[in-house]
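Enquirer: Each residue of the sequence shown is one higher than the one before, starting from 541 at the first, in this note's numbering.
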Amino acid sequence: MSLIVQKFGGSSVADADSIKRVARRIVDTHLAGHEVVVVVSAMGDTTDDLIELAEQVSPKPAARELDMLLTAGERISMAVLAMAIHDLGAEARSYTGSQAGMITDSAHGAARIVEVTPGRIRSALDDRAIPIVAGFQGVARDTKDITTLGRGGTDTTAVALAVALSADVCEIYTDVDGVFTADPRIVPRARQLDSVTYEEMLELAAAGAKVLHLRSVEYARRFDLPVHVRSSFSAHEGTWVLSDRALTDRIVRNAQGGSTVEQPIISGTVADTNDAKITVVGVPDRPGEAAAIFTALADANINIDMIVQNVSAEATGRTDVTFTCPQGSAAKALAALEAVRDAIGFASLAFDDEIAKISLVGAGMRSHPGVSATFFSSLAEAGVNVEMISTSEIRISIVTRAAVAAEAVRALHTAFGLDADGEAVVYAGTGR
Ligand code: ADP
Ligand code: ASP
Ligand code: MG
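#1: Looking at the structure shown, is S807 part of a helix, part of a strand, or coil, going by DSSP?
#2: Classify L705 as buried or exposed, calling it buried when 16 or more other Cβ atoms lie within 10 Å of its own Cβ.
#3: Considering Cα atoms alone, identify which of C710, S663, K750 is closest to Y759.
#4: Note down, in chain order, each residue of its chain lying with its Cβ closer than 7 angstroms to the Cβ of K750, except the 5 sequence neighbours on either side.
#5: From this set, P766, T864, V861, which residue's C-alpha is nearest D784's C-alpha?
#6: Would you report the Cα separation of R770 and T859, rounded to the nearest angstrom?
#7: Does Y967 come out as helix, strand or coil in the three-state DSSP assignment?
#8: What first and last residue would you give for the beta strand (DSSP E) that runs through H768?
#9: Taking just the CA atoms, how far does H776 sit from V792?
#10: Pairs of beta-carbons, one from the region 565-573 and one from the region 941-959, closer than 8 angstroms: are there three or more?
#11: Run the CB neighbour count on S917, radius 10 Å, all protein chains shown included, and call it buried at 16 or more, exposed below.
#12: Looking only at C-alpha atoms, which of G808, V781, T864, G573 sits nearest to D815?
#13: So, with DSSP's three-state summary, where would you put K600?
#14: Only counting the same chain, and skipping five residues up and downstream in sequence, which positions put a Cβ closer than 7 angstroms to that of R615?
#15: Quick check on the burial criterion: 16 or more other C-beta atoms within 10 angstroms. Buried or exposed for A556?
#16: Identify, in the order they occur along the chain, each residue of the same chain with its Cβ nearer than 7 angstroms to the Cβ of S852, setting aside the five sequence neighbours on each side.
#17: Cα-Cα, which of G573, V562, R561, G797 is closest to S542?
#18: Cα-Cα, which of V757, E740, S772 is closest to D717?
#19: Hey, how far is the Cα of Q849 from the Cα of V861?
#20: Let me check understanding here. Comparing Cα to Cα, which of A876, A747, E592 lies closest to G902?
#21: Report the CB separation of T977 from A651 in whole angstroms; it is logged as a contact under 8 angstroms.
#22: According to the neighbour-count rule (16 or more other Cβ atoms, all chains shown, within 10 Å of its Cβ), is D589 buried or exposed?
#23: Could you check what DSSP says for M741 in three-state terms: helix, strand or coil?
#24: So, are the CB atoms of S617 and A582 less than 8 angstroms apart?
#25: In the structure shown, what three-state DSSP assignment does D892 receive?
#26: When every heavy atom of the ligand ADP is checked, does at least one fall within less than 7 angstroms of the C-beta of P724?
#27: For D882, report the span of its alpha helix (DSSP H) as first-last.
#28: Determine the contact status of I661 and L621, defining contact as a CB-CB distance below 8 angstroms.
#29: Could you check which residue in I818, V736, T586, P599 has the C-alpha nearest to that of F891?
#30: By DSSP, does F916 sit in helix, in strand, or in coil?
#31: Would you mind stating whether T737 and L782 have Cβ atoms separated by less than 8 angstroms?
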């Protein structure tokens, strides 16, 4: 008997028929003798619809109330899923994040989990009932207000619960068969990965592959929890996200079974069009100015990604500092900088949200020379202009125009020999 946490994303529970289909799958696992804990997202595009509703009512909805509104989406799906399971003859009990013991800090819209106390979930399992937990939400320890973890946060709820319950595996059910070498919606010939390390998955998620919430991968890595990303629309084996060691064991086992599975050099390419680029123009070129800029941004809670500073023009003694941040926090970033303009003495601010970040990720980069050469030549051949560059040990990213994002990713995918023979299946969802 195993303890399995199964997470179903919005596209897997988009309508009544999908909910019944998912209920069948859960009950089958339960009848096979496993302990099953289910975590669900809101149905289909419910969360987007609720945000639109809030914005129609108020251009800047109060964060506490927005969180209260958004958590309603997951409450609907958890209750109807429990009903569907009852009709299949099993007992299910739905729980809000708060009831399931997801204790967070009070940062509305981006709350961090500070503790998980799943007492009620454990008792439900002991009664042979199937607990259904609303994803993406919790309750703040100090204010006792309802919070959300941020968009896509149900993956993190599932992983955190799996860790707290010492589950054997966290299964993430979605609308594609697993993690691919690129988003199958952009690169139809993307190839499914059999397995990927936490480190590579972290880079892929940070680069913008939204198949897993970044924080869920960080959490799984910290506690060495195996994550299995798979489709709720098929019975195919999905992609295992594992530690380096567990992945090596798996490769050896597969090889003994006859298939030679060598770890690929590149695990994927990603395009992300959700960032904006801000340039602080005419910054006095003296020690402490970059610190002042990034302190102001940190105080405003802005997550910075890439940074470049131009060589200062000798005549003026001034330089430009450019950085990228999520489009959603760009207005706040501009306001925070405007507030320190006189203190720093920069000339102006420039803003650009027509950008894309294009990334290539792979652990094999460490040991294979020539990856950067192929990367930049294939982009050049595709006519993609490079505006910024950043790298990690296992990733290269550039910023270019959003209009060429898809083309850039396809060019890299082909250049690194990742194209599959057939087309990947996208089972459902709008990809919003
Ligand atoms: P869910 O509603 O199940 O949480 P998401 O929309 O958050 O689903 O994530 C699944 C989607 O992630 C897929 O439909 C796919 O378009 C997208 N995606 C982006 N990059 C990748 C990738 N490398 N592999 C698989 N899917 C990806
Ligand atoms: N329903 C939330 C969202 O759309 C959480 C999730 O799906 O993970 O972001
Ligand atoms: Mg998701």
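In this text, a Cβ means the ideal position worked out from N, Cα and C, and glycines have one as well.
Expert: Quick look at the numbers:
#1: coil
#2: buried
#3: C710
#4: G692
#5: P766
#6: 48 angstroms
#7: coil
#8: 767-771
#9: 21 angstroms
#10: no
#11: exposed
#12: T864
#13: coil
#14: T636, A674
#15: exposed
#16: D825, R858, T859
#17: G573
#18: S772
#19: 4 angstroms
#20: A747
#21: Since the first residue of the chain shown is 541 and the last is 972, residue 977 is not available in this structure.
#22: exposed
#23: helix
#24: yes
#25: strand
#26: yes
#27: 881-884
#28: no
#29: I818
#30: helix
#31: yes
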